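> Residue numbers (the working numbering): 25 to 596.
By construction, the Cβ of each residue, glycine as well, lies at the ideal position given by its N, Cα and C atoms.
Bear in mind the structure is a predicted one, so any value in this text is a computation, not a measurement.
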Amino acid sequence: MGRLEENAEADLPLEANFVEQAEYIEEAAFTTLSAELPDEDSIVRRLSVGGAKLLVGPRGCGKTTLMLKAFYQLLRDVDSNTLPVYVNFKISLKLEPLYVNTPNATFWFRLWLNLKIYEGLYEAIALSHRYRLPEGLPPKTEITAMLSAIEAGHVDAAKAGDLYNMASLSQSVSLILSENNLIRCVLLLDDAAHAFSPRQQEDFFEFFRQIKSREISPKAAIYPGITTHSPTFHVGHDAEQIDVWARPDSSAYLNFMRSLAVKRFNGDLPKSLKVAPEALDFLAYASFGIPRSFLNMLRTIYHEEAEPGFKGNIDRRKLLEVAKQSRELSHSVYDSLIYKLPAYKHFVETGHGIYQNILSTLKEYNRSRDENNQAREIGVKRPITPEMEKVFGFLQYAGLMMPTGANSRGVKGVFDLYLVHFGDLVTENAMIGRRTKSVPAFVKAFAAQTHQAWPRISPDTLVASNESSTPFSLILPHCQACGAERASENARFCQNCGAQLKTASLYDDLTKQDISVLALSGKIISRIKQHSKIRTIKDILMDSDRQKLRSIPFIGPIRAARISNYAEEFVA
25 MGRLEENAEA DLPLEANFVE QAEYIEEAAF TTLSAELPDE DSIVRRLSVG GAKLLVGPRG
85 CGKTTLMLKA FYQLLRDVDS NTLPVYVNFK ISLKLEPLYV NTPNATFWFR LWLNLKIYEG
145 LYEAIALSHR YRLPEGLPPK TEITAMLSAI EAGHVDAAKA GDLYNMASLS QSVSLILSEN
205 NLIRCVLLLD DAAHAFSPRQ QEDFFEFFRQ IKSREISPKA AIYPGITTHS PTFHVGHDAE
265 QIDVWARPDS SAYLNFMRSL AVKRFNGDLP KSLKVAPEAL DFLAYASFGI PRSFLNMLRT
325 IYHEEAEPGF KGNIDRRKLL EVAKQSRELS HSVYDSLIYK LPAYKHFVET GHGIYQNILS
385 TLKEYNRSRD ENNQAREIGV KRPITPEMEK VFGFLQYAGL MMPTGANSRG VKGVFDLYLV
445 HFGDLVTENA MIGRRTKSVP AFVKAFAAQT HQAWPRISPD TLVASNESST PFSLILPHCQ
505 ACGAERASEN ARFCQNCGAQ LKTASLYDDL TKQDISVLAL SGKIISRIKQ HSKIRTIKDI
565 LMDSDRQKLR SIPFIGPIRA ARISNYAEEF VA
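Below, the structure written as structure tokens:
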């Protein structure tokens, strides 16, 4: 999710090449526009074989791309004995109101998961152009109708027969495999546990654990830091975890990003990036291993070159401005946690102070160091409190801090190491001490070999300067009747007035948010409000054919799709 900026033209010729989410790109274009990620062969191979796997990384790091590469490779390999099924669960939070309004939400959510996999089976067979459907499968029209009913909250209109339980689903998969002389079905479950509802996440992992069998190998894409597993699910035992966030200090990183840029510009980089190759490397480092952020910056450069009077080069000031946009992408994802995890509002706010203290520590540490020996990571001394671990998890989810392992310093203790967002190191002047900083100097500092020197930080000092006296307190919903605070998270009745306490729907709260929370420029938000009745996230989601967005001046089909995708991702 990048910040969509104003431009005089609605859609430029290559605009479609900069679609950031892989799931919205058709297969032919996907193959043409995708570059090979670091460790891609190993990751895709593990996604294509037996066994349960969890693909872990922050938003925009390439999880969907890797899943789709595994999907298309298996689907197009005529010698493969494996049926790939890709299912995207992005809208799963849409079912969250059922957990508030119905007594058997787990049943309906599990049914919905089964139906989504049936839908994926039908789609995979149709796309393969060679696999056959056996007799006895549930009708596709009925599956579609039931999915629509459950997603709309009309569970009374959805059939709940044994035809759609897990046993029947497993049997249907067996029939398909037998009909086509295949031995295995790989379920590629994208955006799997992304719903910010702990009960939904727990129900998903219970489903994930139970669907695994000799014939069915589930793989799921999840976020770090905010995922709640079920009590019976154990990472390592029930599924292997695969970390896919590309390290920006690895030897293969720059070649990957350069290749991605060339592909998105149809094989010919714009003049401004040709004459100054260090500019492209600078943008790659500033994206901090998040291809989606990199694409957003490339789009900005593309639009810059389309402006009347463009002089043919991107100066230092503009590059630093684009780098600032990149880090704002990750910060906006972090800030969205206040809406998505309202109980942890104080944690999120405290995290801002912690992160700024980390940047200040790095800035002071690097002040007198040589440009070739600038620290890019910090070491946090163990033990780390559960509250602090929660905040670090949030920072990982947003793509601001990357865990890189642990380091023992003998009697000085053991330190957990984290790379800090390179875009912030640039914009917060935490690297290179001299007043005037050149783009080549930043590239040289980031490209320098990793050193063992890094500032060591005690967790206590990170929170010491925070102004709040309760930096890690939970915010519980107040009583709807009298407004009194809840006694505890599990309280069922108000201790003040005795009224039964109700739980608000997270999905409903998110869709009521003003469109200003999306990563859109102020000018575009003003234009939308001036030329349409769209005011909330819900208004955009209800504009399913995007006709209302398309009616707004200078919003063409690609830009309308991007705005719609931003709204979907806000509730994902």
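(1) Between Glu401 and Lys468, which are expected to be in contact by the criterion C-beta below 8 Å, what is the C-beta distance as a whole number of angstroms?
(2) Helix, strand or coil for Asn397, going by three-state DSSP, please let me know.
(3) Please name the residue in Tyr155, Met91 and Leu193 whose C-alpha comes closest to that of Arg134.
(4) Using the three-state DSSP reduction, which class does Gly434 fall into: helix, strand or coil?
(5) Three-state secondary structure (DSSP) at Phe257?
(6) Start and end of the beta strand (DSSP E) containing Tyr110?
(7) Which whole-angstrom value describes the C-beta separation of Gly434 and Trp269, a residue pair presumed to lie in contact below a C-beta threshold of 8 Å?
(8) What residues in its chain sit with their C-beta under 6 Å from that of Leu145, if we drop five residues either side in the sequence?
(9) Checking 8 Å against the spacing of the C-beta atoms, do Leu206 and Leu107 come in under that value?
(10) Less than 8 Å between the C-beta atoms of Val357 and Ala422, yes or no?
(11) Would you say the segment 149-163 touches the segment 218-237, given that touching needs at least three Cβ pairs under 8 Å?
(12) Taking the beta carbon of Thr374 as the centre, do at least 16 other beta carbons fall within 10 Å, making it buried, or is it exposed?
(13) Strictly by DSSP, which residues pair up with Thr638?
(14) Return the bridge partner residues of Ala245 from the DSSP annotation.
(15) Could you check what DSSP says for Thr428 in three-state terms: helix, strand or coil?
(16) What are the start and end residues of the beta strand (DSSP E) that includes Arg208?
(17) Return the residue from the list Phe289, Asn279, Ser241 and Pro272 that minimises the CA-CA distance to Asp21.
(18) In three-state terms, what does DSSP make of Phe594?
(19) Tell me which residues share the same chain as Thr56 and place their Cβ nearer than 8 Å to its Cβ, disregarding the 5 neighbours each side in the sequence.
(20) Can you name, in chain order, every residue of its own chain whose Cβ lies under 6 Å from the Cβ of Ile250, other than the five neighbours on each side?
(21) Here's a check: name, in chain order, each residue in its chain whose Cβ is nearer than 8 Å to the Cβ of Leu304, leaving out the five neighbours to either side.
(22) Among the candidates Ala244, Glu230 and Tyr188, whose CA atom is the shortest distance from the CA of Val210?
(23) Under 8 Å, with one C-beta from each stretch per pair, do the segment 195-205 and the segment 63-82 reach the 3-pair mark?
(24) Need the endpoints of the alpha helix (DSSP H) that Gln225 sits in, please.
(25) List the whole-angstrom C-beta distance separating Gly447 from Ser350, where the pair is believed to meet the contact cut-off of C-beta under 8 Å.
(26) How is the beta strand (DSSP E) around Asp267 delimited, first residue to last?
(27) Distance check for Ile382 and Asn490, CA to CA, integer angstroms please.
(28) Quick one: what's got a C-beta closer than 6 Å to Glu411's C-beta in the same chain, skipping five residues either side?
(29) Hey, which unbroken runs of the beta strand (DSSP E) at 3 residues or more fall wholly within the segment 358-419?
(30) Would you mind working out which of Ser104, Gly74 and Ser58 sits nearest Lys87, comparing C-alpha positions?
(31) Using a 10 Å radius around the Cβ and a threshold of 16 neighbouring Cβ atoms, would you call Val541 buried or exposed?
(32) Which residues in the same chain have their Cβ closer than 7 Å to the Cβ of Ala129, if we skip the five residues on either side of it in sequence?
(33) Go through its chain and collect everything with a Cβ distance to Ile378's Cβ below 7 Å, but skip five positions before and after it.
(34) Which one or two residues does DSSP pair with Val444 in a beta bridge?
(35) Where does Ile240 fall in DSSP's three states?
This is what the structure holds:
(1) On the sequence shown, position 377 is the one that residue 401 refers to. On the sequence shown, position 444 is the one that residue 468 refers to. The pair is not a contact, with the Cβ atoms about 18 Å apart (cut-off 8 Å).
(2) Position 373 of the sequence shown holds residue 397. Helix, per DSSP.
(3) Along the sequence shown, read from residue 1 onward, the residue named residue 134 stands at position 110. Residue Leu193 is the option with its Cα nearest to Arg134.
(4) Position 410 of the sequence shown, counting from 1, holds the residue named residue 434. It is helical.
(5) The sequence position of residue 257 within the sequence shown is 233, counting from 1. Note: Phe257 maps to coil in three-state DSSP.
(6) Position 86 of the sequence shown, counted from the start, is the residue given in the question as residue 110. Taken as a continuous stretch (DSSP letters only), the beta strand (DSSP E) holding Tyr110 covers Thr106 to Asn112.
(7) Working through the sequence shown from its first residue, we reach residue 434 at position 410. Working through the sequence shown from its first residue, we reach residue 269 at position 245. Actually they are not in contact, since the Cβ atoms of Gly434 and Trp269 sit about 30 Å apart, beyond 8 Å.
(8) Within the sequence shown, numbered from 1, the residue matching residue 145 stands at position 121. Taken in chain order, the residues that qualify are Val109.
(9) On the sequence shown, residue 206 is found 182 positions in, with the first residue counted as 1. On the sequence shown, residue 107 is found 83 positions in, with the first residue counted as 1. It is a contact, given that the beta carbons lie within the stated cut-off.
(10) Here residue 357 refers to the residue found at position 333 when the sequence shown is read from its first residue. Here residue 422 refers to the residue found at position 398 when the sequence shown is read from its first residue. Result yes, Cβ atoms of Val357 and Ala422 sit closer than 8 Å.
(11) no
(12) Counted from its first residue, the sequence shown places residue 374 at position 350. Buried, because 16 or more other Cβ atoms sit within 10 Å of the Cβ of Thr374.
(13) Absent from the structure is residue 638, since the part of the chain shown begins at 25 and ends at 596.
(14) In the sequence shown, the residue the question calls residue 245 occupies position 221. Bridge partners of Ala245: Leu79.
(15) The residue labelled residue 428 in the question sits at position 404 within the sequence shown. Note: Thr428 maps to strand in three-state DSSP.
(16) For the purposes of this step, residue 208 is taken as residue 184 along the sequence shown, with counting starting at 1. It spans Arg208 to Asp214 - the beta strand (DSSP E) in which Arg208 sits, taken as one unbroken run.
(17) Missing from the structure shown is residue 21; the chain here goes from 25 to 596 and no further.
(18) The residue labelled residue 594 in the question sits at position 570 within the sequence shown. Here Phe594 sits in helix by DSSP.
(19) Position 32 of the sequence shown, counted from the first residue, corresponds to residue 56. Result list for Thr56: Lys287, in chain order.
(20) Counting from one through the sequence shown, the residue named residue 250 turns up at place 226. Around Ile250: Tyr421.
(21) The sequence position of residue 304 within the sequence shown is 280, counting from 1. Excluding positions up to five away in sequence, the list reads Met281, Arg282, Ala285, Leu293 and Leu297.
(22) Within the sequence shown, the letter at position 186 stands for residue 210. Ranking Ala244, Glu230 and Tyr188 by Cα distance to Val210 puts Ala244 first.
(23) no
(24) Position 201 of the sequence shown, counted from the start, is the residue given in the question as residue 225. Per DSSP, Gln225 belongs to the alpha helix (DSSP H) from Pro222 to Ile235.
(25) Position 423 of the sequence shown, counted from the first residue, corresponds to residue 447. Position 326 of the sequence shown, counted from the first residue, corresponds to residue 350. Correct: roughly 5 Å between the Cβ atoms.
(26) Position 243 of the sequence shown holds residue 267. Here the beta strand (DSSP E) through Asp267 covers Glu264 to Asp267.
(27) For this step, residue 490 is matched to residue 466 along the sequence shown. For this step, residue 382 is matched to residue 358 along the sequence shown. Per-residue confidence for Asn490 stands at a pLDDT of 49, beneath the threshold of 50, marking its modelled position as unreliable; no derived number is given.
(28) As a working mapping, residue 411 is identified with position 387 in the sequence shown. So the list reads Phe496, once near-sequence residues are dropped.
(29) 401-405
(30) By one-based count along the sequence shown, residue 87 stands at place 63. For Lys87, the nearest C-alpha among the options comes from Ser58.
(31) Within the sequence shown, the letter at position 517 stands for residue 541. Buried, by the Cβ-count rule.
(32) Numbered from 1 along the sequence shown, position 105 holds the residue referred to as residue 129. Same-chain partners within the cutoff: Leu122 and Tyr123.
(33) Looking up residue 378 in the sequence shown gives position 354. Val415, Leu486 and Val487, listed in sequence order.
(34) As a position in the sequence shown, residue 444 is number 420, starting the count at 1. Looking at the DSSP assignment, Val444 forms a beta bridge with Met425.
(35) Position 216 of the sequence shown, counted from the first residue, corresponds to residue 240. Here Ile240 sits in strand by DSSP.
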